[in-house]
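Below: one structure, written as structure tokens.
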Amino acid sequence: MIDIIIGVLCTIGALAILIAAVGILRMPDFYLRLSVTVKAATLGGGLLLLSAAFYFPDEVSVTTKALAIIFFLVLTAPVAAHLIARTAYLINTGQWENTTVDDLAGMYDKETHKLHSDRKPPALSGKTEPESRPDDGPVL
1 MIDIIIGVLC TIGALAILIA AVGILRMPDF YLRLSVTVKA ATLGGGLLLL
51 SAAFYFPDEV SVTTKALAII FFLVLTAPVA AHLIARTAYL INTGQWENTT
101 VDDLAGMYDK ETHKLHSDRK PPALSGKTEP ESRPDDGPVL
């Protein structure tokens with residue numbers, strides 16, 4: 001039964017990594033490529049590591065290391081992708097021509113390098129800095 005579970009986990013993990021590889025080729029812009037790659041590669045790598053943990057059930061060190069790597073992969077991959085995408089946006093990496101919504105347009109102050117969290121862009125409201133009220137969230 002364990003062999004079947006290991007085979008299924010390896011197959012699904014390999015397919016997820018294949019989807020990530022195809023996504024790099026098929027997606028039209030950097031942001032979509034980054035999104036599909038991080039999601040599919042994290043899932044694929046996690047499943048392959050999980051299958052390694054099942055393959056070595058008596059080796060506590062292998063299982064512990066595999067689970068620790070999965071934990072840190074799931075924890076750090078989305079954060080790294082967010083930082084890479086934000087940097088790409090801030091240096092004006094081009095978007096796909098059919099992109100219809102840019103939620104960050106007008107929200108980023110290039111002088112202070114802050115992203116305003118209110119839904120009104122500062123350029124449209126006539127203010128350079130949003131009003132601070134107790135119920136407002138922090139300025140990112």
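Residue numbers (the numbering used here): 1 to 140.
By construction, the Cβ of each residue, glycine as well, lies at the ideal position given by its N, Cα and C atoms.
| Check | Outcome |
| --- | --- |
| Please classify residue 11 as buried or exposed, where buried requires at least 16 neighbouring CB atoms within 10 angstroms. | exposed |
| Is residue 47 closer than 8 Å to residue 16 when the C-beta atoms are compared? | yes |
| Mark residue 51 as exposed unless 16 or more other C-beta atoms lie within 10 angstroms of its C-beta, in which case mark it buried. | buried |
| Could you spell out where the alpha helix (DSSP H) holding residue 66 opens and where it closes? | 60-90 |
| Relative to the C-alpha of residue 111, which candidate in 90, 102, 98 has its C-alpha closest? | 90 |
| Once the 5 residues before and after residue 34 are set aside, which same chain residues still bring their CB inside 7 Å of it? | 81, 84, 85 |
| With three or more C-beta pairs closer than 8 Å as the rule, is the segment 22-40 touching the segment 87-101? | yes |
| Can residue 53 and residue 42 be called in contact, C-beta distance under 8 Å? | no |
| Can you find the residues in the same chain that come closer than 7 Å, C-beta to C-beta, to residue 73, ignoring five residues on each side of it along the sequence? | 42, 45, 46 |
| Assign residue 101 to one of two classes, buried (16 or more other C-beta atoms within 10 Å of its C-beta) or exposed (fewer than that). | exposed |
| Please classify residue 66 as buried or exposed, where buried requires at least 16 other C-beta atoms within 10 Å of its C-beta. | buried |
| Across which residues does DSSP place residue 108 in a beta bridge pair? | 115 |
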